Amino acid sequence: MAKTKEHINLAFIGHVDHGKSTLVGHLLLKAGAIAEQQLDDGENKFRFVMDKLGEERERGVTIDLAHQKFSTKKYDYTVVDCPGHRDFVKNMITGASQADAGVLVVAADDGVMPQTKEHVFLSKTLGINQLIVAINKIDLVDYDEAKFNELKEEVSALIKTVGFNPANVPFIPVSAFEGDNIKDASPNTSWYKGDTLMQALDNLAAPEKPVSLPLRIPIQDVYSITGVGTVPVGRVETGVMKKGENVIFEPAGASGEVKSIEMHHETFETAEPGDNIGFNVRGVGKNDIRRGDVAGHVDDAPAVAKEFDAQIVVLQHPGVITVGYTPVFHCHTSQVACTFLELTAKLDPATGQVAEENPDFLKTGNAAFVKVKPTKPMVIENAKKIPQMGRFAIRDMGQTVAAGLCIDVTP
Ligand code: GDP
3 MAKTKEHINL AFIGHVDHGK STLVGHLLLK AGAIAEQQLD DGENKFRFVM
53 DKLGEERERG VTIDLAHQKF STKKYDYTVV DCPGHRDFVK NMITGASQAD
103 AGVLVVAADD GVMPQTKEHV FLSKTLGINQ LIVAINKIDL VDYDEAKFNE
153 LKEEVSALIK TVGFNPANVP FIPVSAFEGD NIKDASPNTS WYKGDTLMQA
203 LDNLAAPEKP VSLPLRIPIQ DVYSITGVGT VPVGRVETGV MKKGENVIFE
253 PAGASGEVKS IEMHHETFET AEPGDNIGFN VRGVGKNDIR RGDVAGHVDD
303 APAVAKEFDA QIVVLQHPGV ITVGYTPVFH CHTSQVACTF LELTAKLDPA
353 TGQVAEENPD FLKTGNAAFV KVKPTKPMVI ENAKKIPQMG RFAIRDMGQT
403 VAAGLCIDVT P
């Protein structure tokens, strides 16, 4: 069987108009994922690709994913949505498009802007640990080395505040529009000796499967299958499950021995992270469990939170968030209304440092520490221990109003 390439999910982040869409468009072209003929003429020719993809995206996830893939000799890549897009944060949190690495785009003629800071903070909060910095529009500053170095210093200082080590981050002078240093080293920047963008992408570390974390399988659906019985279905987020082991579903509390594991109509002895499985557990019937429950080993069960502390970012709220507000939290496959008990502290959105203790309210753009109480039992866990189980999106009025991470659980 042919060896399949490892796969990396990429998020393009940065201030509006700094060239994210143009860079993705040009990258898809250089990687051979799209043809020149698919592009428009004129100033927006590369951006056009992304706009077109945007329209298709509206129609469905499958098309979305199918079109934004490209490959190098080393990896297959998927470009996941940028944080500017409406459902990026929700998708990232629910695991639909968890990014493994971020490409931060900073326009050389504009420098670090408010969204540059926000996106850097947000990506780190959402678990992106690898970063590449593209200093874009280098053509607009006449391919000037001094200007590039000045921006490199400014961006280094910024990413350091949220915990990236600039020494491990490649800084690349690019022109998303002209194509400099996207695939091949550009003669316009002969002073630059580092990797091109595509080389830097190939130097990223492949994501590791979290096999050594506790077993967690958020349940998406529960089926009754003739001859097999009750079959909960879900994706293994962390850990490994073997046939014959004892598992428990929380908050339902039902438990039993794993009788069978199935994936794509084949049976397996074990399941590991990334596997979408159906499995049958002795003694657990269709009415004992439901979507939103999480399966784990009996001796290391998923934590049910009575209350929890969280770090949140308010993305787009038409009013203010105060104590008592009870929107719906989306965490793994569960949706539970949770009440804000306490606004513990407001944070500087760019650095995550405490800016104000016990604020009266939070509004769009604010980052904060808060204490929250689910209105019914839910599994949510400390994101520092199990990142996959600690991320959530807060939805209200049909949109994602905030996103965050659980940082402590009161059982
Ligand atoms: P986004 O909002 O970050 O996705 O930015 P876009 O990709 O839409 O780019 C905004 C504008 O900047 C568009 O008019 C692009 O053509 C232009 N642009 C993007 N990259 C470059 C570049 O490297 N050089 C020049 N001169 N213009 C660029």
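One point on numbering: in the numbering used here, the residue at position 46 of the sequence shown is 48, and numbering is uninterrupted. Using N, Cα and C, we set each Cβ at its ideal position, and we do this for glycine too. Source: prediction; values computed, not measured.
On a CA-only basis, which of the options is nearest residue i? Give me that one, please.
i: Gly-129; options: Val-143, Ala-103 and His-267; result: Ala-103
i: Val-374; options: Leu-124, Pro-389, Ala-395 and Phe-342; result: Phe-342
i: Cys-408; options: Gly-400, Ala-208 and Gly-392; result: Gly-392
i: Leu-215; options: Glu-268, Gln-390 and Tyr-79; result: Gln-390
i: Gly-258; options: Lys-119, Asn-282 and Arg-237; result: Asn-282
i: Gly-400; options: Asp-197, Thr-269 and Gln-318; result: Gln-318
i: Ile-174; options: Gly-165, Thr-163 and Asn-190; result: Asn-190
i: Ala-133; options: Lys-195, Ala-101 and Ala-33; result: Sequence inspection shows Leu at residue 133; the Ala mentioned does not correspond to that position. Of Lys-195, Ala-101 and Ala-33, the residue nearest in Cα terms is Ala-101.
i: Leu-206; options: Asp-197, His-299 and Asp-182; result: Asp-197
i: Ala-110; options: Val-164, Asp-19, Phe-123 and Phe-14; result: Asp-19
i: Thr-228; options: Lys-71, Ala-178 and Lys-288; result: Lys-288
i: Gly-241; options: Ala-254, His-266, Asp-311 and Gly-276; result: Gly-276
i: Phe-123; options: Thr-163, Lys-348, Pro-172 and Ile-250; result: Thr-163
i: Thr-118; options: Pro-304, Gly-21, Phe-150 and His-28; result: Gly-21
i: Ile-15; options: Ile-36, Gly-27, Leu-30 and Val-108; result: Val-108
i: Arg-284; options: His-266, Val-82, Val-230 and Lys-211; result: Val-230
i: His-266; options: Glu-274, Asn-278 and Thr-272; result: Asn-278
Leaving out the 5 sequence neighbours to the left and right, which residues in its chain are closer than 8 Å to residue i when beta-carbon positions are compared?
i: Val-316; result: Ile-323, Leu-364, Lys-365, Thr-366, Gly-367, Asn-368, Ala-369, Ala-370, Val-403 and Ala-404
i: Lys-7; result: Ser-73, Lys-76, Tyr-77 and Asp-78
i: Lys-32; result: Gly-181, Ile-184, Lys-185 and Met-200
i: Ile-10; result: Tyr-77, Asp-78, Tyr-79, Thr-80, Asp-102, Ala-103, Leu-203, Leu-206, Ala-208 and Pro-209
i: Glu-156; result: Gly-113 and Val-114
i: Ile-161; result: Leu-106, Val-122, Leu-133, Val-135, Pro-168 and Val-171
Under the rule that 16 or more other beta-carbon atoms within 10 Å means buried, what is residue i, buried or exposed?
i: Glu-383; result: buried
i: Leu-12; result: buried
i: Glu-359; result: exposed
i: Ala-136; result: buried
i: Ser-192; result: exposed
i: Tyr-225; result: exposed
i: Lys-195; result: exposed
i: Gly-294; result: buried
i: Gly-321; result: exposed
i: Thr-232; result: buried
i: Pro-376; result: buried
i: Thr-269; result: exposed
i: Gly-165; result: exposed
i: Lys-139; result: buried
i: Val-176; result: buried
i: Gly-406; result: buried
Whose C-beta lies closer than 6 Å to the C-beta of residue i among residues of the same chain, with five residues either side of it excluded?
i: Thr-328; result: Ala-339 and Thr-341
i: Glu-247; result: Val-260
i: Ala-256; result: Val-286, Asp-290 and Ile-291
i: Met-380; result: Ser-336 and Val-338
i: Val-63; result: Bear in mind that the predicted position of Val-63 carries a pLDDT of just 31, short of 50, making it unreliable; the figure below should be weighed with that in mind. Excluding sequence neighbours, Val-63 sits near nothing in its chain.
i: Val-330; result: Gln-337, Ala-339 and Arg-397
i: Val-300; result: Asn-248, Ile-250 and Ser-257
i: Ile-219; result: Gly-236, Val-238 and Ala-297
i: Glu-264; result: Gly-280
CB-CB under 7 Å to residue i, same chain, minus the five flanking residues each way: which ones, in chain order?
i: Leu-345; result: Val-325, Asn-360, Pro-361, Leu-364, Ala-370 and Val-372
i: Leu-67; result: For Leu-67, the predicted model reports a pLDDT of 34, less than 50, meaning its position is unreliable and no value from the coordinates is stated.
i: Arg-61; result: Legend: pLDDT at Arg-61 = 37, less than 50; position of this residue unreliable, no value from coordinates given.
i: Asp-410; result: Phe-310, Asp-311 and Asn-384
i: Lys-149; result: Ala-110 and Val-143
Which runs of the beta strand (DSSP E), 3 residues or longer, sit entirely within the region 117–183?
132–138 and 173–175
Which ranges would you report for the beta strand (DSSP E) in the region 288–359 if only whole runs of at least 3 residues count?
296–299, 309–316, 330–333, 336–349 and 356–359
Length at least 3, wholly inside the region 362–389: the beta strand (DSSP E) runs in chain order:
369–376
Inside the region 5–36 only - beta strand (DSSP E) runs reaching at least 3 residues
8–16
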